[in-house]
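Below is one structure, written out as structure tokens, with a few remarks after it.
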Amino acid sequence: MTSGIWPKNISNNFTSFPSLFNSDGTTAVSSVSKAELYSETCANNSTLDDSGLVTPSTSPSDYFMLTIKVLCNDVFHALTGLNHQNAYEPDGGVPSIVLQNCATVLASCLAELFQVCLLTSTFPSCRKFPYI
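For the sequence shown, our numbering assigns the number 60 to the initial residue and increments by one for each residue that follows.
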């Protein structure tokens, strides 16, 4: 595993963790295999003394997160409730007054975008920039 992964991810606005290479030459592609490899690498590189400690059990959880549903009406009310006097706008960002005044048109599109992001656990990199 290389130490330049995080700066590369952050600077290129990647929406996923890149593939990792195992010491045996295989490639970790799935989220689970990447997490296991990352955990194993961190444990191997750790300087903490863990001798005599018992590894905690990793039994599956009985708890599941309920499905989150993003509703158009909720997005509409969030947009119309923006206070353009206090809302933060990054450089080049869409002013909150525009979002507020265009809430009727934007609510359904944003609700659908947010719902897809939640379902896929991703966020489109093209949407990370405030293009109008």
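Just so you know, even glycine gets a beta-carbon here, dropped at the ideal spot from N, CA and C. The model shown is predicted, which means the values in this text are computed figures rather than measured ones.
For this session: For T86, name the three-state secondary structure that DSSP assigns.
Result: strand
For this session: List the DSSP bridge partners of L231.
Result: Residue coverage of the chain in this structure runs from 60 to 191, which leaves residue 231 outside it and unanswerable.
Exercise. When the distance is taken between beta carbons, is S78 closer than 8 Å to V88?
Worked result: Yes, the Cβ-Cβ distance between V88 and S78 is below 8 Å.
Exercise. What are the start and end residues of each continuous alpha helix (DSSP H) run of 4 or more residues lying completely inside the stretch 115 to 140, in chain order?
Worked result: 131 to 139
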